[in-house]
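Chains as they are written, first to last, in this note's numbering: chain A, 6 to 213; chain B, 6 to 213. We put the CB at the ideal spot given by N, CA and C, even for glycine. Quantities reported herein were computed from a predicted structural model and do not represent experimental measurements. To start, the structure itself, in structure tokens.
Protein chains: 2
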Amino acid sequence: MAKETKIRILDAAEVLFAEQGYAQTSMRNITARADVNLASVNYHFGSKKNLIQHVLKRYFDVLMPQIDSVIAELPAQRGAIGVETVLLSLVPPMMTLSELRPNGTERFVQLLGRGYTETQGHLRRFIMTGYGATVVRLMDAIHCCLPDIADDELFWRTHFAMGSFVFSMASSQALTEIAEADFDQQVSIKDVILHMVPFMANGIAGSR
Amino acid sequence: MAKETKIRILDAAEVLFAEQGYAQTSMRNITARADVNLASVNYHFGSKKNLIQHVLKRYFDVLMPQIDSVIAELPAQRGAIGVETVLLSLVPPMMTLSELRPNGTERFVQLLGRGYTETQGHLRRFIMTGYGATVVRLMDAIHCCLPDIADDELFWRTHFAMGSFVFSMASSQALTEIAEADFDQQVSIKDVILHMVPFMANGIAGSR
DNA sequence: GTCTATAGATCGATAGAC
DNA sequence: GTCTATCGATCTATAGAC
Chain A
6 MAKETKIRIL DAAEVLFAEQ GYAQTSMRNI TARADVNLAS VNYHFGSKKN LIQHVLKRYF
66 DVLMPQIDSV IAELPAQRGA IGVETVLLSL VPPMMTLSEL RPNGTERFVQ LLGRGYTETQ
126 GHLRRFIMTG YGATVVRLMD AIHCCLPDIA DDELFWRTHF AMGSFVFSMA SSQALTEIAE
186 ADFDQQVSIK DVILHMVPFM ANGIAGSR
Chain B
6 MAKETKIRIL DAAEVLFAEQ GYAQTSMRNI TARADVNLAS VNYHFGSKKN LIQHVLKRYF
66 DVLMPQIDSV IAELPAQRGA IGVETVLLSL VPPMMTLSEL RPNGTERFVQ LLGRGYTETQ
126 GHLRRFIMTG YGATVVRLMD AIHCCLPDIA DDELFWRTHF AMGSFVFSMA SSQALTEIAE
186 ADFDQQVSIK DVILHMVPFM ANGIAGSR
């Protein structure tokens, strides 16, 4: 036999969810692409909603422990480093997702963007209950770089930064097509991220 | 008779589209909320797809001419002003959308966010064919403030900025709820926009 | 575990009476 | 222009044979 049915379903589902969104992807789309029987999704995952969570969990379970590691290894004197350093430390963990599966990094962020706008709060709850501690540690690391900025102000800025990131990936296909057509550039996901880090760092730190 | 059927449909549709997304909103949802007959949507608009475009068009037709005006009134010596000035000049036009309909500003940006992630390129084409000249004028105004930044770099930064904006509005309900719960702040759409302008300006201009 | 067959619901769109 | 009634196509989920 080829791959396990369960894996085939997850692999097919994540591509379709990332490309078309959750609502627009039917179980028939998924099982056809995975070349498995329609009923097998409900046998293995119980429901479509549960399948969506499993697709995300595969990525979070790899990413979040890595983020914990890189944050723990940041200099103890946080005042000495900038936000850009913290954000840059997240890049290698993000890039390892592409070793999991082809275009893993891109797909993961697309799924994140879809989840935030489509599942009306479910994703946020899923992240905070399962990986909330990592999120808090990351926010603390950013805050330590910028002790002068008020809590609520930093809250807004980090969410704006996340917006840049998630939106850019959600529409990354359009963006890279334009970049290639108008500027004759071949654009990889890493290029996009490395363009984005200074943008986010400048926005979060604020220069004036 | 109360309001025209056509208007009632548009009013109901824009609320539901903004809150739940296009795919998740059925014609039955819309006609029930508008308190009109199911068949009247197809009579007046031909199809659901056409209805979506009409909902957006009502906002664009008011917003875009105003943006043309404020850009035309910017100082001729563009080198003398900053990006923040250009972005701030967009705020009054955006705010007038709330005079059109309750929460118009917020709804419009939510529709924009939904359109970008859900309609896979259709929205972009709709904007560029109908209002492309205004978009180009706006991009030029930003570029004049930052003559030292290369075309392609500015392309990335403006798209990141748009991402912050659109995503923040798409998830604005969650964001304002958190802000109110964690920081005990009452947050209006104008507060969000005014927090966002410096963030975007710092990100686009780049400080280092 | 895998399959067929189908229940049960909902969808967009339209025909045709008024 | 507005309504009822319905078509035909989808969808998720499940029952039950193998």
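Closest in C-alpha terms to residue 63 of chain A, from the list A:81, A:199, A:78 and A:12, comes A:12.
Interface residue (Cβ-Cβ distance to chain A less than 8 Å): residue 13 of chain B is not classified as such.
Here residue 41 of chain B carries a coil assignment [DSSP, helix/strand/coil]. In the DSSP annotation of this structure, the continuous segment of the alpha helix (DSSP H) that includes residue 24 of chain A starts and ends at 10–25. Those residues of the stretch 14–48 of chain B placed with their C-beta closer than 7 Å to a C-beta in chain A are 26, 28 and 29, ordered along the chain.
Across the stretch 94–123 of chain A, CB contacts with chain B closer than 8 Å involve 118, 119, 121, 122 and 123, in sequence order along the chain. Taking the C-beta atoms as reference points, residue 209 of chain B is found nearer than 8 Å to residue 147 of chain B. When only Cα atoms are considered, residue 17 of chain B and residue 58 of chain A end up about 32 Å apart. Against chain B, a Cβ distance below 7 Å from residue 135 of chain A picks out nothing, because the smallest value is about 17 Å. In chain order, 100 place their CB closer than 7 Å to the CB of residue 195 of chain A, counting only its own chain and leaving out the 5 sequence neighbours on each side.
Relative to residue 200 of chain A, the option among A:187, A:211, A:174 and A:212 whose CA is nearest is A:174. A straight line joining the alpha-carbon of residue 187 of chain B with that of residue 154 of chain B spans about 39 Å. Around the C-beta of residue 81 of chain A, fewer than 16 other C-beta atoms lie within 10 Å, and the residue is accordingly described as exposed. Rounded to the nearest whole angstrom, the C-alpha separation of residue 70 of chain B and residue 24 of chain B is 27 Å. Out of A:113, A:212 and A:48, the CA that lies nearest to the CA of residue 103 of chain A is found in A:113. With a threshold of 8 Å between beta carbons, residue 191 of chain A makes no contact with chain B. Counting of Cβ neighbours within 10 angstroms places residue 168 of chain A among the buried residues, the total reaching 16 or more. Judged by DSSP in its simplified three-state form, residue 86 of chain A adopts coil rather than helix or strand. Each residue's CA atom was taken as its position, placing residue 156 of chain B and residue 145 of chain B some 10 Å apart. Chain-ordered listing is empty here: chain B has no CB closer than 8 Å to the CB of residue 152 of chain A, the nearest sitting near 18 Å. Of the candidates B:39, B:89 and B:197, the residue whose Cα lies closest to the Cα of residue 162 of chain A is B:197. Closest in alpha carbon position to residue 202 of chain A, among A:90, A:38 and A:117, is A:90.
Here residue 44 of chain A is exposed: its Cβ has fewer than 16 other Cβ atoms, across all protein chains shown, within 10 Å. With its beta carbon less than 8 Å from one in chain B, residue 156 of chain A belongs to the interface. Contact annotation: residue 142 of chain B and residue 86 of chain B have beta-carbon atoms that are not nearer than 8 Å. By the CB criterion at 8 Å, residue 21 of chain B and residue 42 of chain B fall outside the cutoff. Judged by DSSP in its simplified three-state form, residue 207 of chain B adopts helix.
Cβ contact annotation for residue 121 of chain B (same chain, cutoff 7 Å, sequence separation greater than five): 128 and 171, in chain order. Contact note: residue 127 of chain A does not reach chain B at a C-beta cutoff of 9 Å; the least C-beta distance is about 11 Å.
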